[in-house]
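Q: Submitted below is the structure of interest, expressed as structure tokens.
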Amino acid sequence: MQTRSSAAVITLTTLVLATSACGQTHQASSSKNSGARATTPAQLPTKDPTRETEADLVIWCDNQRASVIADFANTFAEEQKIRVVVQVATDVRQAFTDATHVGKGPDIVVGPHDLVGPFVQNAVVTPVNLPPDTVRKFNPSAIAGATFGGQLYGTPYAVENIALVRNTDLAPDAPATVEDMVAQGKKIVADGRAKLPLIQAVGKVGDAYYIYPWMAAYGGGFFERKDNGEYDATRLAVSNPGSIKGADLLARMGREKVLSTNVAGENADALFDAGDAPFFITGPWSIDKAKKAGIKYAISNLPVAPGGESLKSLLGVQLFYVSAKARNSALAEEFVTSFVPRKETQIGLFQTGRRPPALTEAYEEIARRDPDVKAWHEAAHGGAPMPNIPAMNAVWGPLGQASADVISGAARPAERFAAAAAEISSAINRR
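Once you know that position 118 of the sequence shown is 117 in numbering that gives the first Met the number 0, the rest is easy, because the numbers rise by one and skip nothing.
As structure tokens, this is what we get:
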């Protein structure tokens, strides 16, 4: 193990990394098209950012996680007697890929699991060697999300999903069905107690991440599955009967003004925090703002769709990846396989976005004292891992726009989703 006899140093630097046009994806890989989750652009822009040459270990992450990761990296730096630098990237996916290809990237990068496929395809990450007894300590869904082609490509530290958050001053009881939610919401609006029945990020260009649950309630989705459970990029599910039925329900929600393209990631949190709606479909990243706004809230499972099943969330996993071109691969491997799986590390990282820890022991400890964590976990039941195959990058934009067009009434569901499927297929075939 490489060490230094000098005192440990931890440095947090900021830099802006240019976003490439080909990096445009669902903002699940960067911000899920949500202002609540969007990375705040760092200051001190650097045209051609490079790793700090004097650092023993360099970690790239987004602005939301930087300060917390720096705190824990400091502990690692002291243990190893090395210098660790944490740098902020505004577009982790494209910036990391581009910088790594020219030998100017970090040793470790932090990001969501749907980057696994693109990172592997671009040969910028290397498998991590977690011992089998350590793997068994994690949430199985987290390990599944970090696995690609039968190999583990990152150490999970958090899992995430969406649920129904309600303002308990307006809606004391959780609705069991979509019909109940809509009826309650409309009555509260009619009584003058709120302005909107439901808040969900849609926006003018849509957001496929938040649209997925409505499709999945009827057996729809993004891709069909192989026998081994992996997503099959050759078999799109975007325009299958279940997805179309979900699109029909979305169109109805638009006609009844339950969903609106005027509500987007940029204003969804603010609307809920102002008390403008009783219900909010969102994730853990919205809770701190609601608390600060004094909103009394509760978290419950997504409701059951009419004639279908419960709306089902996509499941996300947050990972620490090791660069395929790490300058200090031994240090990077030590950090990712030995330091990140510690219970105290996972509990500490929970403070960033309050996502439930991926390590079961850490989750159980937090769940005993934080009912929100248990509620998020229960709301994840029946959900599906967000696809981590490279083809997923072709889905976000076209499907998002199709959903916005359907909700706004600009297009018919079956025709518009079929057109989106054709656009996605064409994009996948060009890759």
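For each residue, glycine too, the CB sits at the ideal point set by N, CA and C.
1) So the candidates are Ala236, Asp268, Ser285; which of them puts its Cα closest to the Cα of Thr351?
2) Provide the residue(s) that pair with Pro111 in DSSP beta bridges, ordered along the chain.
3) Is the separation between the beta-carbon of Ser468 and that of Pro155 shorter than 8 Å?
4) If you run the structure through DSSP and keep just helix, strand and coil, what is Phe338?
5) Between the C-alpha atoms of Val127 and Arg430, what's the straight-line distance to the nearest angstrom?
6) Among residues of its own chain, excluding the 5 on either side of Gln23, which ones have a beta-carbon nearer than 7 Å to its beta-carbon?
7) Considering Cα atoms alone, identify which of Ala409, Leu330, Tyr362, Gly347 is closest to Ile81.
8) With burial defined as no fewer than 16 other Cβ atoms inside 10 Å of the residue's Cβ, what is the status of Gln183: buried or exposed?
9) Whose C-alpha, out of Ala65, Val119, Met180, Thr74, is nearest the C-alpha of Leu310?
10) Between Phe416 and Ala403, is the Cβ-Cβ spacing less than 8 Å?
11) Once DSSP output is grouped into helix, strand and coil, what is the label at Gln199?
12) Determine which residues share a DSSP beta bridge with Gln150 and list them.
13) Is Leu56 helix, strand or coil by DSSP?
14) Can you name, in chain order, every residue of its own chain whose Cβ lies under 6 Å from the Cβ of Pro389, other than the five neighbours on each side?
15) Whole angstroms are fine: how far does the CA of Met385 sit from the CA of Pro111?
16) Are the CB atoms of Arg254 and Gly399 within a distance shorter than 8 Å?
17) Here's a check: name, in chain order, each residue in its chain whose Cβ is nearer than 7 Å to the Cβ of Ala426, leaving out the five neighbours to either side.
18) Quick one: what does DSSP say Glu223 is sitting in, helix, strand or coil?
19) Does DSSP put Ile294 in a helix, a strand or coil?
20) Can the beta-carbon of Gly220 be found less than 8 Å from the beta-carbon of Ala236?
21) Whole-angstrom Cβ separation of Val109 and Ile58, contact assumed at under 8 Å?
22) Would you call the region 344-361 and the region 129-138 touching, i.e. three or more CB-CB distances under 8 Å?
23) In the DSSP assignment, find the unbroken beta strand (DSSP E) run with Asp231 in it and report its ends.
24) Is Ala421 helix, strand or coil when you go by DSSP?
25) Alpha carbon to alpha carbon, what distance is there between Ser424 and Asp113?
26) What residue from Ala122, Pro277, Ala297 has the CA that sits closest to Tyr320's CA?
27) For a quick check, are the C-beta atoms of Ala325 and Leu248 less than 8 Å apart?
28) By alpha-carbon positions, which one of Thr176, Gly274, Asp55 ends up nearest to Arg192?
29) Our contact map puts Pro302 next to Pro174 with C-beta atoms below 8 Å; I'd like the distance itself, whole angstroms only.
30) Could you give the first and the last residue of the continuous beta strand (DSSP E) run that contains Arg326?
31) How many angstroms separate the CA atom of Arg92 from the CA atom of Ala246?
32) I need the straight-line Cα distance from Ala157 to Ala54, nearest angstrom please.
33) Below 8 Å between beta carbons: does that hold for Leu56 and Phe338?
34) If the criterion is Cβ atoms closer than 8 Å, does the pair Asp268 and Arg353 meet it?
35) Going by other Cβ atoms of all chains shown within 10 Å of its Cβ, with 16 needed for buried, is Lys203 buried or exposed?
36) Can the beta-carbon of Val405 be found less than 8 Å from the beta-carbon of Ala250?
A: Well, looking at it:
1) Taking the sequence shown and counting its residues from 1, the one referred to as residue 351 is at position 352. In terms of CA proximity to Thr351, Ser285 leads the group Ala236, Asp268, Ser285.
2) As a working note, residue 111 is residue 112 in the sequence shown. Gln317, per the DSSP bridge assignment.
3) The structure shown has nothing for residue 468, since the chain only spans 0 to 430.
4) In the sequence shown, the residue the question calls residue 338 occupies position 339. Helix, per DSSP.
5) Translated into the one-based positions of the sequence shown, residue 127 becomes position 128. Translated into the one-based positions of the sequence shown, residue 430 becomes position 431. Taking the straight line from one Cα to the other gives about 27 Å.
6) Taking the sequence shown and counting its residues from 1, the one referred to as residue 23 is at position 24. Any reading at Gln23 must be qualified, since the residue scores a pLDDT of 34, below 50, and its modelled position is unreliable; no value is offered.
7) For this step, residue 81 is matched to residue 82 along the sequence shown. Among Ala409, Leu330, Tyr362, Gly347, the Cα nearest to that of Ile81 belongs to Leu330.
8) Taking the sequence shown and counting its residues from 1, one reaches residue 183 at position 184. Classification of Gln183: buried, given that the 10 Å Cβ count is 16 or more.
9) Counting from 1 along the sequence shown, the entry for residue 310 is found at position 311. Nearest C-alpha to Leu310: Met180.
10) Position 417 of the sequence shown, counted from the start, is the residue given in the question as residue 416. Position 404 of the sequence shown, counted from the start, is the residue given in the question as residue 403. Going by beta carbons, Phe416 and Ala403 fall outside the 8 Å limit.
11) Here residue 199 is taken as the residue at index 200 of the sequence shown, counted from 1. In this structure, Gln199 counts as coil in the three-state DSSP scheme.
12) Position 151 of the sequence shown, counted from the first residue, corresponds to residue 150. Gln150 pairs with Phe147.
13) Taking the first residue of the sequence shown as position 1, residue 56 is located at position 57. DSSP places Leu56 in strand when its eight states are reduced to three.
14) Start at 1 with the first residue of the sequence shown, and residue 389 comes out as number 390. Closer than 6 Å at Cβ, skipping near neighbours: Gly116, Pro117, Gln120.
15) Stepping through the sequence shown from its first residue, residue 111 is reached at position 112. Stepping through the sequence shown from its first residue, residue 385 is reached at position 386. The C-alpha of Pro111 lies about 10 Å from the C-alpha of Met385.
16) As a working note, residue 399 is residue 400 in the sequence shown. As a working note, residue 254 is residue 255 in the sequence shown. Not closer than 8 Å, so no.
17) Position 427 of the sequence shown, counted from the start, is the residue given in the question as residue 426. Around Ala426: Ala393.
18) In the sequence shown, residue 223 corresponds to position 224, counting from 1. DSSP places Glu223 in strand when its eight states are reduced to three.
19) Here the question's residue 294 lines up with position 295 in the sequence shown. Of the three classes helix, strand and coil, the one that applies to Ile294 here is coil, per DSSP.
20) Walking along the sequence shown from the start, residue 220 turns up at place 221. Walking along the sequence shown from the start, residue 236 turns up at place 237. Taking the C-beta atoms as reference points, Ala236 is found nearer than 8 Å to Gly220.
21) The residue given as residue 109 occupies position 110 in the sequence shown. The residue given as residue 58 occupies position 59 in the sequence shown. With 8 Å as the limit, Val109 and Ile58 qualify as a contact, their Cβ atoms being about 7 Å apart.
22) A contact between stretches requires three or more CB pairs, one per stretch, nearer than 8 Å, and the region 344-361 meets this requirement with the region 129-138.
23) Walking along the sequence shown from the start, residue 231 turns up at place 232. Element bounds for Asp231: 230-235.
24) One-based indexing of the sequence shown puts residue 421 at position 422. Under the three-state reduction of DSSP output, Ala421 falls in the helix class.
25) Translated into the one-based positions of the sequence shown, residue 113 becomes position 114. Translated into the one-based positions of the sequence shown, residue 424 becomes position 425. Taking the straight line joining both Cα atoms gives about 19 Å.
26) The residue you call residue 320 lines up with position 321 of the sequence shown. Nearest neighbour of Tyr320 by Cα position, chosen from Ala122, Pro277, Ala297, turns out to be Ala122.
27) The residue you call residue 325 lines up with position 326 of the sequence shown. The residue you call residue 248 lines up with position 249 of the sequence shown. No. Outside cutoff.
28) The residue you call residue 192 lines up with position 193 of the sequence shown. Selected option, being the one with the closest Cα: Gly274.
29) The count along the sequence shown starts at 1 and reaches residue 302 at position 303. The count along the sequence shown starts at 1 and reaches residue 174 at position 175. Contact flag correct, Cβ pair sits at about 5 Å.
30) On the sequence shown, residue 326 is found 327 positions in, with the first residue counted as 1. Element bounds for Arg326: n/a, residue is neither H nor E.
31) One-based indexing of the sequence shown puts residue 92 at position 93. One-based indexing of the sequence shown puts residue 246 at position 247. Cα to Cα, the separation comes out at about 30 Å.
32) By 1-based counting over the sequence shown, the position of residue 157 is 158. By 1-based counting over the sequence shown, the position of residue 54 is 55. Their Cα atoms are separated by approximately 27 Å.
33) Sequence index remark: in the sequence shown, residue 56 carries index 57 (1-based). Sequence index remark: in the sequence shown, residue 338 carries index 339 (1-based). For Leu56 and Phe338, no; Cβs fall outside 8 Å.
34) For this step, residue 268 is matched to residue 269 along the sequence shown. For this step, residue 353 is matched to residue 354 along the sequence shown. In terms of Cβ geometry, Asp268 and Arg353 do not form a close pair [threshold 8 Å].
35) Taking the sequence shown and counting its residues from 1, one reaches residue 203 at position 204. Only exposed fits Lys203, as fewer than 16 other CB atoms lie within 10 angstroms of its CB.
36) Working through the sequence shown from its first residue, we reach residue 405 at position 406. Working through the sequence shown from its first residue, we reach residue 250 at position 251. With contacts defined as CB atoms closer than 8 Å, Val405 and Ala250 qualify as a contacting pair.
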